[in-house]
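Presented below is the structure to which this report refers.
In the working numbering, the protein residues as written are 1 to 425.
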């Protein structure tokens, strides 16, 4: 009886083993057939999930039929970039790739720019000394270019027969006016006064100084020469005459330039032209004294762009105490630009392809390529007008490595799936 019971138990156990073994073998075969691959290095396969030992990317599971398991395509975000795909990078992979991220923050961006400028005289303060009559220069009181003169200071003595005759005419008119003033007829007295006024007016139109006319009235004697005086204070920047030289009407004798205020003409790039407002403040740094800054204003912005340098010229006005700014000198122009407020990221985070601007935004272990629109740039930072929101993290280092991996990832996803044994896609 015991033997029969033992035989029955053995038979039941054998039947159970025969029924269970195929199921277990099938499960072991399925588990053995399940493999994982690296999207960055498709030739690498592993039996267990984990990270790729080559690049650190998360391994992707194969399908049961030996094909790579494809994730359902998610709808593209509004700032998605064609031919780019998100990248999954684990913590160790981020460290190995040298990727660094920074939080996009909303704050003001202080912009600075610097342009090279050239000091030129203020054209409204340049005066040319000319004569309206012919004559000869008998005496020069200013004998060299660069000499400082004051307004009313004698410049030269001019002998002119025409001026001498005009003085004689004035004296005779004065004598006639004195005689006519004793007449009882108002018309006669008025005629004498008009004659004297016309003679005086003739001398004034010949640029005879008022002091010379006053002396002529006091002495009653015509002077052989007439002294011409400086119309303004400044430096003699041009001298075209010498003693004894004959001069003609309209001829330039001397040029006097007032350098108490000067112009600085500077070239700015086209993208800086929006900040060149009339009346805006500007500073100049002197090359021989960098610590000294002079303050001026934008007086004029030229309406055309230089086709050779693609720059816009602006004219700035500066006071010139102590003749610190000398014509022809090069200076650094620093305009006072407005401060922009917006979402600021490092300039190194932006990849500018010439067609579009893009950044990589970190979402957990995924770096998402995103198209952005960049505004002002200053000091290694940029204002993002669209594409990135406040608080998001953007990659600032190894961007081009992420860009190449993103392109490769997108290319791999676009390829048709291949069997495991068929080699790399």
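We put the CB at the ideal spot given by N, CA and C, even for glycine.
Selection from the options that minimises the alpha carbon distance to residue i
i	options	result
residue 262	224, 125 and 393	125
residue 267	347, 158 and 114	114
residue 337	100, 35 and 112	112
residue 178	197, 165 and 164	197
residue 144	89, 241, 403 and 174	241
residue 374	246, 199, 316 and 359	359
residue 352	288, 119 and 403	403
residue 276	265, 335, 103 and 227	335
residue 384	341, 405 and 411	341
residue 325	189, 315, 294 and 343	294
residue 237	157, 180, 260 and 128	128
residue 81	139, 413, 400 and 370	370
For residue i, the residue or residues it bridges with in DSSP
i	result
residue 296	282 and 318
residue 265	118 and 315
residue 227	157
residue 140	156
residue 45	37
residue 235	148 and 257
residue 51	58
residue 426	No answer is possible for residue 426: the residues shown for the chain start at 1 and end at 425.
residue 246	136
residue 100	397
Where residue i sits in the DSSP three-state scheme
i	result
residue 408	helix
residue 373	strand
residue 174	helix
residue 221	coil
residue 384	strand
residue 157	strand
residue 21	Summary for residue 21: the model assigns pLDDT 46, below 50, so the residue's position carries little reliability, and this model does not support an answer.
residue 213	helix
residue 414	helix
residue 365	coil
residue 188	helix
residue 135	strand
residue 72	Note that residue 72 scores a pLDDT of 46, beneath 50, so its modelled location is shaky and nothing firm can be said.
residue 277	coil
residue 288	coil
residue 109	strand
residue 83	coil
residue 309	coil
residue 66	In this prediction, residue 66 has a pLDDT of 49, which is less than 50 and means its spatial position is unreliable; what the coordinates show is noted afterwards. Reduced to three states, the DSSP call for residue 66 is coil.
residue 89	coil
residue 301	strand
residue 420	Interpretation of residue 420 is limited by its pLDDT of 46, a score under 50 that renders its predicted location unreliable; no figure is taken from the coordinates.
residue 94	helix
At least 3 beta-carbon pairs within less than 8 Å: the stretch 149-163 vs the stretch 223-232 = Short answer: they touch.
Tell me the start and end of each unbroken beta strand (DSSP E) in the stretch 329-362 that is at least 3 residues and wholly inside, in chain order.
-> If we require 3 residues or more, the beta strand (DSSP E) runs fully inside the stretch 329-362 come out as 330-335 and 340-346.
Please determine if the stretch 170-184 and the stretch 206-222 are in contact, where contact requires at least 3 C-beta pairs separated by less than 8 Å.
-> Yes: at least three Cβ pairs fall under 8 Å.
The stretch 263-282 contacting the stretch 293-313, beta-carbon criterion three pairs below 8 Å = The stretch 263-282, when compared against the stretch 293-313, does touch it at the 8 Å Cβ threshold.
Please determine if the stretch 115-135 and the stretch 249-261 are in contact, where contact requires at least 3 C-beta pairs separated by less than 8 Å.
-> Result yes; three or more Cβ-Cβ pairs closer than 8 Å.
Does the pairing of the stretch 83-97 with the stretch 407-416 give three or more beta-carbon distances under 8 Å?
-> Yes, since at least three Cβ pairs between the stretch 83-97 and the stretch 407-416 fall closer than 8 Å, the two stretches touch.
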